[in-house]
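>
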Amino acid sequence: RHADLALYAAKSAGKRRWRHYHDSLTSGMMQRREVQAALEDAVKNDGFALVYQPIVALDSGEIVGFEALLRWPRPGHRTVLPGEFIPIAEETGLIVPIGEWVLKQALSDMVRWRRGLPPAAPAAPDKAGEWGDGPHISVNVSARQFFDPGFVAGVRRTLRRSGLPPSALLLEITESLLLGENERIRTDLAELKDIGVRLAIDDFGTGYSSLAYLLDLPIDVLKIDKTFVTGIGSQWRRHALVEGIIKLSQPLQVDIIAEGIETETERELLAAMGCQFGQGYLLSVPVDAAAAEAMLVRGRLV
Ligand code: C2E
Ligand code: CA
Ligand code: CA
Ligand code: CA
26 RHADLALYAA KSAGKRRWRH YHDSLTSGMM QRREVQAALE DAVKNDGFAL
76 VYQPIVALDS GEIVGFEALL RWPRPGHRTV LPGEFIPIAE ETGLIVPIGE
126 WVLKQALSDM VRWRRGLPPA APAAPDKAGE WGDGPHISVN VSARQFFDPG
176 FVAGVRRTLR RSGLPPSALL LEITESLLLG ENERIRTDLA ELKDIGVRLA
226 IDDFGTGYSS LAYLLDLPID VLKIDKTFVT GIGSQWRRHA LVEGIIKLSQ
276 PLQVDIIAEG IETETERELL AAMGCQFGQG YLLSVPVDAA AAEAMLVRGR
326 LV
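Quick note on numbering: the sequence shown equals residues 26 to 327 in the numbering used here.
1. Which residue spans inside the stretch 250–327 form an unbroken beta strand (DSSP E) run of at least 3?
2. How about S201: is its C-beta nearer than 8 Å to some C-beta of chain C?
3. Can you name the residues that DSSP bridges to L119?
4. Mark A312 as exposed unless 16 or more other C-beta atoms lie within 10 angstroms of its C-beta, in which case mark it buried.
5. Which same chain residues, not among the five before or five after L75, have their C-beta less than 8 Å away from its C-beta?
6. Would you mind giving the Cβ-Cβ distance between S167 and E109, rounded to the nearest angstrom? I have them listed as a contact below 8 Å.
7. Return helix, strand or coil for T199, following the three-state DSSP convention.
8. Check for me: the beta strand (DSSP E) holding G179 runs from which residue to which?
9. Cutting at 8 Å between CB atoms, please list the residues of its own chain near G221, excluding the five before and the five after it.
10. What do you reckon, is the C-beta of I111 under 7 Å from a heavy atom of ligand 1?
11. So, at 6 Å on beta carbons, what are the nonlocal neighbours of Y306 in its own chain, with the 5 sequence-adjacent residues on each side left out?
12. Out of curiosity, what's the CA-to-CA distance linking V267 and P276?
13. Looking at the structure shown, is P191 part of a helix, part of a strand, or coil, going by DSSP?
14. Cβ-heavy atom distance between P311 and ligand 1 below 7 Å?
15. With a cut-off of 8 Å on the beta carbons, I'd call L224 and L214 a contact; round off their distance for me.
16. Which term fits R26, buried or exposed, when burial requires 16 or more other beta carbons within 10 angstroms of its beta carbon?
17. Can you tell which of F302, R185 and Q170 has the C-alpha that lies nearest to the C-alpha of V123?
Here it is in structure tokens:
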């Protein structure tokens, strides 16, 4: 449960140690093809794990959902973070079976959690299929997964088997996916939308021409990247930019989740700007499934 914090601390406090560790995975001790073989092995032998970071309503503190984040616990080593192996998984195509596992696991955890909750209050008519009808689960999707022609059918099938309402799933996609602007991705997104799945643009603002996507893609949620959130209390330009994104999204009926909230000042400023939802170490680090369930039962973080 504290692995993320420990790693974060190690990352910021001991860059050299981190770097040494990083080197041992991607070069030096471990060759790329060894990483690939180890990843293949993990795919076959259920060798991955998910941790969950709560997404919280900034005004009430209520937990509205969780983001599933992938971990690779290697026996005898420190748990590997996705930043280190996802690029290799994408290049080798292994992200496709890994992504299928993530979706299946995240949905089945959410099904189990929901069973332990009192029935959700019926959603207001204007909120049907949106926040309010039970906690949602966010799952990250790589561009490479969309290139797999079976992707949308796979999502549909996994959702149906889980029995969850499709609106309980929020797929997080990055702007790099949209950058290609190819017609297939457009139809895939429209199809997911038809199923009732909700779509988020992840790391909003770090890519290109983000604003154009808001015009003609079926986007439900923007996740404002941490790089914009950090420093809103001390830098007026950041403050103005984030406030602008929030104000812009309001009439478009796009929800905002601010990422990487680490200080009380950031939380307060975001709430005052009208940002409804947030996640970050201030609220909670990613936790294992049992801790996530306990949070949901309480309905709040502590
Ligand atoms: P992301 O989607 O932007 O996820 C947020 C990342 O920020 C997570 O890192 C999370 O642990 C970290 N984080 C959360 N709050 C804070 C905070 O307050 N401060 C700081 N400094 N960091 C915070 P993580 O788990 O290492 O994941 C990194 C990236 O790997 C994710 O970025 C996402 O792009 C990718 N990823 C994670 N899981 C999956 C997955 O299942 N599939 C795919 N395709 N990509 C994944
Ligand atoms: Ca994400
Ligand atoms: Ca993000
Ligand atoms: Ca980010």
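Beta carbons: idealized from backbone N, C-alpha and C, even for Gly.
Computed from a predicted structure; not experimentally measured.
According to the data block:
1. 280–283
2. In summary, chain C is missing from the structure at hand, where a single protein chain is found.
3. None; L119 has no bridge partner.
4. A small correction: the amino acid at residue 312 is Val; Ala does not occupy that position in the sequence shown. Buried, since its Cβ has 16 or more Cβ neighbours within 10 Å.
5. A93, L94, L95, R96, V127, Q130, A131, D134 and A314
6. That belief does not hold up - the Cβ atoms of S167 and E109 are roughly 15 Å apart, past 8 Å.
7. strand
8. That residue, G179, is in no beta strand (DSSP E); its alpha helix (DSSP H) goes F176 to S187.
9. G154, P190, P191 and S192
10. yes
11. E287
12. 16 Å
13. helix
14. yes
15. 6 Å
16. In this prediction, R26 scores a pLDDT of 39, lower than 50, which makes its location untrustworthy; the coordinate-derived value is nonetheless stated afterwards. Burial call: exposed.
17. Looking at the sequence shown, residue 123 is not Val but Ile. Checked all of F302, R185 and Q170; the closest Cα to I123 is Q170.
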